[in-house]
Each structure stands twice: as structure tokens, then as C-alpha cells.
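So the structure is just underneath, and the comments pick up after that.
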Amino acid sequence: MNGGDEVVAAPAGPPQPLDWKFSQVFGERTAGEEVQEVDIISAIEFDKTGDHLATGDRGGRVVLFERTDTKDHGVPRRDLERMEYPIGRHPEFRYKTEFQSHEPEFDYLKSLEIEEKINKIRWCQTANGALFLLSTNDKTIKFWKVQEKKVKKISDMNLDPSKAVGNGSIASSSTPKHCLANGGSPDRSYNYLGNDFSFPPGGLPSLRLPVVTSQETNLVARCRRVYAHAHDYHINSVSNNSDGETFISADDLRINLWNLEISNQSFNIVDVKPANMEDLTEVITSAEFHPTHCNTLAYSSSKGSIRVIDLRQSALCDSHAKLFEEPEAPGSRSFFTEIIASISDIKFARDGRYILSRDYMTLKLWDINMDSGPVATFQVHEYLRPKLCDLYENDSIFDKFECCLSGDGLRVATGSYSNLFRVFGCAPGSTEATTLEASKNPMRRQVQTPSRPSRSLSSITRVVRRGAENPGVDANGNAFDFTTKLLHLAWHPTENSIACAAANSLYMYYA
């Protein structure tokens, strides 16, 4: 066309940085309000559809939220175009229900208190309109079913309930004082009838049988299974398998494989406990199943390594199929090197090609097909490096920050101190490195941070991206606050929407 000239498409560049906006907040604190320890959020998780969000707190409660702006989905596009609002509205959630998942316990054998704090929540496959999820504290995993139940009420009564003794209903009236074993009354005195009771004008033939009707629905959470007494150490991870039938739970030294329907038996698939505990050099810090390959899982360690194992190789996976670890730079070792190398969280990308890991100072993106080193490294809060001694003294250096990836795999996110979280672009050529604050104005403390890509390695560019490096302030030039830390966050599976927890408040943002 047009004289046979060929149209050459320009090469697509990296995606533009996202413009993040505040969406919602649940449990917002007023100025000066004291936060109760039991109200602090300790786990966040979207389900696979993104239509439901679950949070767990230190009080052992699980709170569910459901999306409300999807009710127009399924409307013909022609009708949507006639509407005044645009098609792409930001996601909106509302409170759905909550339930007490765990209670505080006491291990009398070890004289140890087991706190009720929810460590992890994982959504399972839905069935028949019911929601299923796993929740765990340090020792016990529970399998929950949440569904709507119709509340049945008795109606079409012969007697007006208001005429019953004590203005109570007939069904809830007091029992006669003298009752036989079968529930009868020896004196046949029907005490619950008022003195002014009389049969209807038609007499006995006009009496009606009460009718049971379903007038409303309530959400009911029921614990279907309890998986207990399988871990000697604190559970740090729970992960569902893509087969929909099994899941793993991991503590410091072991990983167990469970069947959802069998609560009294599990299989130990990884055991790193040495014969002599004095020889212990590393512990398991996080574990996760591959999103599509039901035989593959990965787990991280306190030495900064990630091991991928194949369940088809052997019953006890003592040996790994792949090992991912970054060689230590010569001359860089210090007292804190091993502490800050400990990986606190790992996540598979949605397609299973990449693994994202978070250690104390950095985010690292690993290609599952390249175990020589990470394909990208993102400096989260490099300005804290001169303060590692102070962080060690107040135990902040042991904080466990989580990480997450966007559904399209183009961006990653993780939390930091001062209620800040970072969003990095990981597409080739991307320089996106955004700092956001968990508040109603997330861009309030945003500044442009320089990107410093390093040399390319073969055909894959290793990227190192960092922020400002003034030792007295955070990445935005503000004094950092170790007491306000953003440990938990989750990325919507299909949209650019992030939910994050700042103490007892749940903030949601979209772009």
C-alpha cells in the first residue's frame, strides 16, 4: 500500500514508570492514636482472580475483603461506552467478613507460649461458590471454608410473638420448672401463653402450621482441617501446589508435604537438620511451589542461597536440582555480611520463569534457567548500610521484609522503613525506581532516584539500581524511622494495584 513502501515498526522501549494513586485505606489511625499489638497486620494475600483479599493479624484474626467494582463486568462493550465513567476504573474493595483463626496456646511439654499471630495466608481453589484458604501461626495450620449460609426463621405463627410472656418469642420462652425426661410437662400448664390468649374465630381447624423461611444470608467460616504437631520449629511458609490437592509447610529445618484432605499425616521432603546441632550453619527461611509445575518447589536459606528441588527425583529431597547464589565479592566481608545476606522471602513470577528474592538490603531477580547469578539487583535502602551497627543493636537487622511481582512480570515491589515501599521496573532497559509512602498521599516524599545499570553479562543485562545514599536520611531526604516498617505487601494478580500494611492499617494503591 502507499506505493509499496514498507512500514517498519519502531522497537518497543521499556514501559513508562507508573503514576501511583491512593485508592483506599481500611483501619486508618487518627493522629496520636495508639496501635494495639493484636491489631497489627501480619499477612496479606490476593486470591488468583484478584477479587478477594485476605489479611491476618497478630491477634489471630483473618479479615476478608471482596472487590465491588467488578459488578459491571459482563456488560456489553456498546453499553459500557454509553456510560459516563471510563471502563478502566481503579479496583475498589469492601469488608466482607472476619473470623478468629487461631487462639493463643501453651506447650506444656516445652513450657512455651504459642502466640496466635497469623504468619501466612494462602488462598486455595474455590468450589461451589465457597472460598477456601490456609492460615498458619507458628505451629498449627488450618484449612478454612467460607461460604454464605441462609438464615432460617419461623414465620406465619398462630400467636403474635409480642403477646408471649416477657415479650419474648415462643421459641425462646422459658422452660416450665417441672419437666419430664422426654421434655413434657406434668401439669400441662402452658406457661408461655398469655392470660388473654384465645383461639382464632374458626377454632382448632383454623390453626396453621408455622412455616420455616430463608430471609437472609450470612457468611460463615468453618474450619475443615487442622494440621498440627508436625513442626518442631516455627512455621515460616505455607504454599499451595498447582495440583489443587497438596501444599507444603516449612519451618527452620524441615519442609513437609500435606494432602489437603488428610490432616493426621504429612511427608517430610526436605530436612537440613544436622546430626549435631552445633554443626548447623544455615536454616530455611522461605519456601514456595512453582506456579504451574506441581513437582517443582524452591526454598531459600539464611546464607542467601535459593535451592530448586524436583519431587520426582526422590522421596527425601536432600539434593537440589538447581542452586542460585551470588558469589561474595572479594574483600567485602564484614561482621554483618552473613546477616544481611539472609533471604526473608521468595516469590515465583506468574509464568514460573523468574524467582524474586528479598534479603535485608536488596531485591534480586533470578532467571530459573541461569544459576550463575541474578539478572537484576535492586538496592532497596542502601542509605542504611552505614547504620548496620545501630540496626543490629535494636534487632531491626533481623526484620523480614516480603516482596512481590506484578502479574505481567514487568515490575517488582518491596517494603522498607518509615512506612515506605519501593517499586522497580525489571523490563530490559527500564530505569523505574519509585519510592512510595503508605499514606493517602503516596507520592508525598517521592524524588527521582538515579539508576546505575552495570555492565552487561553475555546477552543478559545485570542491573543494579539504587537510591540516594546520604547516611543520615532515607531515599527521599527524610530522617528514617525504624519503628514504622512496611513488612507485608501484595500485588494484584492481573492489574497494577498494590495492597500494603502499615501497622494496623491496610492501604491500597493503583496505577
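In this note's numbering, the protein residues as written are 753 to 1263. Where is the CB? At the ideal position from N, CA and C, for every residue including glycine. Note that this is a predicted model, so its numbers are computed, not measured.
Residue range of the unbroken alpha helix (DSSP H) whose run includes residue i
i, result
"L1075", "From DSSP, L1075 is part of no alpha helix (DSSP H) but of the beta strand (DSSP E) over K1074 to F1076."
"C1069", "Segment: none, C1069 is in no alpha helix (DSSP H) and carries neither H nor E."
"T1089", "T1089 to A1093"
Rounded C-alpha distance that separates residue i from residue j
i, j, result
"V898", "A879", "11 Å"
"N988", "E900", "31 Å"
"K1055", "I1014", "34 Å"
"E1154", "T1166", "6 Å"
"R819", "G802", "8 Å"
"R1207", "G1181", "Its pLDDT being 31, under 50, R1207 is placed unreliably in this model, and the coordinates cannot settle the point."
"P856", "S863", "14 Å"
"Y1261", "V814", "21 Å"
"V903", "A973", "14 Å"
"F1041", "V1164", "19 Å"
"I1021", "E1034", "17 Å"
"N970", "K1116", "44 Å"
"F1087", "K1139", "13 Å"
"L1172", "N1008", "35 Å"
"P769", "E1184", "5 Å"
"I1075", "E780", "First, the amino acid is wrong: residue 1075 is Leu here, not Ile. Distance between the alpha carbons of L1075 and E780: 43 Å."
"R1006", "A1242", "26 Å"
"G811", "S887", "13 Å"
"R1102", "D1147", "34 Å"
"R1174", "V1127", "18 Å"
"N992", "E867", "24 Å"
"S1249", "V1060", "29 Å"
Beta-bridge partners of residue i, as assigned by DSSP
i, result
"E968", "V903"
"T1186", "V1175"
"L1117", "L1108 and A1128"
"S1052", "S1038 and I1058"
"G1167", "F1173"
"A1242", "A1251"
"D995", "Its beta-bridge partners do not exist; DSSP assigns none."
Simplified DSSP assignment, three categories, for residue i
i, result
"E1134", "helix"
"C1267", "Nothing can be reported for residue 1267: it is not among the residues displayed for the chain, which extend from 753 to 1263."
"S887", "strand"
"D1160", "coil"
"E1030", "helix"
"F1019", "strand"
"S989", "strand"
"S1257", "strand"
"E785", "coil"
"V963", "strand"
"V1024", "coil"
Endpoints, beta strand (DSSP E) assigned at residue i
i, result
"L1143", "Run containing L1143: none in the beta strand (DSSP E); it sits in the alpha helix (DSSP H), L1140 to E1145."
"I796", "I793 to F798"
"K773", "K773 to F778"
"G1177", "L1172 to G1177"
"D809", "H804 to D809"
"D740", "Missing from the structure shown is residue 740; the chain here goes from 753 to 1263 and no further."
"L1009", "R1006 to N1011"
"C1252", "S1249 to A1254"
"A1002", "T998 to A1002"
"Q852", "F845 to Q852"
"E865", "L864 to I866"
"V814", "R813 to R819"
"R874", "K872 to W875"
"D859", "E857 to D859"
"D1097", "D1097 to F1100"
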